[in-house]
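A.B. asks: Below you'll find the structure I mean.
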Amino acid sequence: MFNQIDIHGCTTIEAKIRLDNYLNSLSPNTKEITVVHGYSSKILQQFIRKQYKHKRAGRRILTMNAGETIIQLK
């Protein structure tokens with residue numbers, strides 16, 4: 001199954017709330033999600049890749065698309 005969340009247009013606070021709620025709602029069997037944050041403004045990209053914390057969020061995988069990041073889940 002493909003799990004994706006789009007946080008375009010969110011502030012970092014809104015993005016954190018949306019991601020926290022999304023991760024909390026996922027099955028424990030879910031192994032990764034794709035976060036679509038866009039690439040024109042680096043604020044959300046940097047937040048997801050370097051600052052975002054959640055008990056299930058593990059390694060970040062950078063893709064060829066600068067507007068998305070894959071998060072492997074614990």
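Residue numbers (the UniProt record's numbering): 1 to 74. Every residue gets a Cβ at the ideal spot worked out from N, C-alpha and C, and that includes glycine.
Would H37 and I7 be called neighbours here (beta carbons separated by less than 8 angstroms)?
C.D. replies: Result yes, Cβ atoms of H37 and I7 sit closer than 8 angstroms.
A.B. asks: Under the rule that 16 or more other beta-carbon atoms within 10 Å means buried, what is E14, buried or exposed?
C.D. replies: Flag for E14 reads exposed.
A.B. asks: To the nearest angstrom, how far is it from the Cα of T69 to the Cα of T11?
C.D. replies: Computed Cα separation, rounded: 17 angstroms.
A.B. asks: Are the beta-carbon atoms belonging to L19 and I5 less than 8 angstroms from one another?
C.D. replies: Yes. Within cutoff.
A.B. asks: Within 10 angstroms of its Cβ, does Y39 collect 16 or more other Cβ (buried), or is it exposed?
C.D. replies: Its Cβ having fewer than 16 others within 10 Å, Y39 is exposed.
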